[in-house]
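Residue numbers (the numbering used here): 869 to 1213.
Every residue, glycine too, gets a C-beta built ideally from N, C-alpha and C.
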Ligand code: DAH
């Protein structure tokens, strides 16, 4: 009988490689442990054995059952794997992009920034870069706004600790660093880098110590513009902004200047526009930008001779334009990263 058990296990081992699919497996199992299977038959014969031989033989039977079970388990896991592979289809390449992935959209502020840049590039402006961490000198002093100037009160910001480390920003111990309050600092950087004629715009992030509400954010975006050449006049400035706002906000858009004060321009103006977009806001004229003719003191601080050159500068808020164009009534939507909002643009 011991011999029989060995043969049963041996023959199961040999036959197993030919087993495939569930029906094949069931037939294979029936031949060994089914009601008439070889192992079942041996077990049935146990009754005929002398009593004293039964425990030893019982152990051998158990061993044979275990061997057979592990053969079954092996076949079964092979079958399950094959079934799963059939369900999944051809091999999957996990490095490929998902065919069902939803695509992101371009953020509305980026869309407006790109549109503004596109319009200015078409008329010969290039895009200049500045830094968000700025020195007090570039942000205020060189723009004719000394330390005790009241204009600074409107632009309180975040000042850096004296020992802060700014990586690639050159560190001078006599400079105070801050988060820039406007992109006007790029005017200074640009004029120090190159000779007139200068024709740049500079979009970028700005920061102010503002309490956040529907129309204020401590961090927002502006676009600065600067044009320096010989014989530049207010007429050129007005013509440029007329053209720009009509391109941006559509035909029929008109622009008006209101006298104002900025330390770095003289004369200075606030720019209002009127267009079909204003129907959304229920008003006739809305302030949209600040501008003016570059103040001679600013030219002097960057070594440009104000008797030879003149120029104009302007600055506007990107959020404000986006809110008008898209009819958005709360600035905070821009920064919440809520897909339900973002996918509308
Ligand atoms: N820097 C001003 C602000 O943040 C905007 C501005 C006004 C920029 C007049 C200019 C300018 O270039 O000439 O409110």
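Given this structure, state the Cα-to-Cα distance separating residue i from residue j, to the nearest angstrom.
i            : j            : result
residue 1176 : residue 1098 : 6 Å
residue 1164 : residue 1143 : 34 Å
residue 925  : residue 954  : 44 Å
residue 1106 : residue 1141 : 12 Å
residue 1146 : residue 1023 : 28 Å
residue 942  : residue 879  : 16 Å
residue 912  : residue 883  : 23 Å
residue 899  : residue 923  : 25 Å
residue 873  : residue 960  : 45 Å
residue 1211 : residue 971  : 9 Å
residue 895  : residue 944  : 13 Å
residue 1155 : residue 1029 : 36 Å
residue 1063 : residue 1070 : 17 Å
residue 962  : residue 951  : 20 Å
residue 1171 : residue 1157 : 27 Å
residue 893  : residue 902  : 12 Å
residue 990  : residue 1114 : 14 Å
residue 1020 : residue 987  : 32 Å
residue 1196 : residue 957  : 47 Å
residue 920  : residue 909  : 20 Å
residue 1150 : residue 994  : 35 Å
residue 1080 : residue 1027 : 19 Å
residue 1078 : residue 1018 : 17 Å
residue 1016 : residue 984  : 35 Å
residue 1216 : residue 891  : In this structure the chain extends from 869 to 1213, so residue 1216 is not present and cannot be described.
residue 1120 : residue 966  : 45 Å
Name the residue from the options whose alpha carbon lies nearest to the alpha carbon of residue i.
i            : options                  : result
residue 1050 : 1026, 1090 and 1066      : 1090
residue 1160 : 1169, 992 and 1127       : 1127
residue 1187 : 880, 1072, 1178 and 1137 : 1072
residue 918  : 933, 966 and 869         : 869
residue 974  : 968, 967 and 982         : 982
residue 949  : 1078, 889 and 967        : 889
residue 1180 : 1109, 1094 and 1115      : 1094
residue 885  : 946, 920 and 902         : 946
residue 1152 : 1196, 1123 and 1178      : 1123
residue 937  : 920, 907, 966 and 1027   : 907
residue 932  : 891, 967, 915 and 871    : 871
residue 1166 : 914, 915, 1005 and 1078  : 1005
residue 1003 : 985, 1048 and 966        : 1048
Between which residues of its own chain and residue i is the CB-CB distance below 7 Å, once the five residues before and five after are set aside?
i            : result
residue 1088 : 1074, 1185 and 1187
residue 1209 : 1201
residue 1194 : 976 and 1213
residue 1100 : 1178, 1179 and 1180
residue 1134 : 1160, 1161 and 1163
residue 1168 : 1174
residue 1206 : none
residue 905  : 898 and 899
residue 968  : none
Are residue i and residue j closer than 8 Å when you measure CB to CB?
i            : j            : result
residue 1025 : residue 1076 : yes
residue 1053 : residue 1203 : no
residue 964  : residue 1007 : no
residue 935  : residue 877  : yes
residue 992  : residue 1044 : no
residue 1082 : residue 1192 : no
residue 1112 : residue 1125 : no
residue 1117 : residue 1139 : no
residue 881  : residue 939  : yes
Please list, in chain order, all residues of the same chain as residue i whose beta carbon is under 6 Å from its beta carbon, the five residues on each side excluded.
i            : result
residue 1190 : 976, 977 and 980
residue 1065 : 1097
If you drop the 5 nearest sequence neighbours on each side, which residues of the same chain put their C-beta closer than 8 Å to that of residue i?
i            : result
residue 1183 : 1050, 1051, 1052, 1090, 1091, 1092, 1093, 1157, 1158 and 1159
residue 914  : 922, 925, 926 and 929
Of all Cβ atoms in chain C, is any one closer than 8 Å to the Cβ of residue i?
i            : result
residue 1043 : Reference to chain C is not applicable here, since this structure consists of a single protein chain.
Given 8 Å, three or more beta-carbon pairs between the region 992-1001 and the region 1047-1065: yes
Cβ contact (3+ pairs, closer than 8 Å) linking the region 1128-1135 and the region 1003-1018: yes
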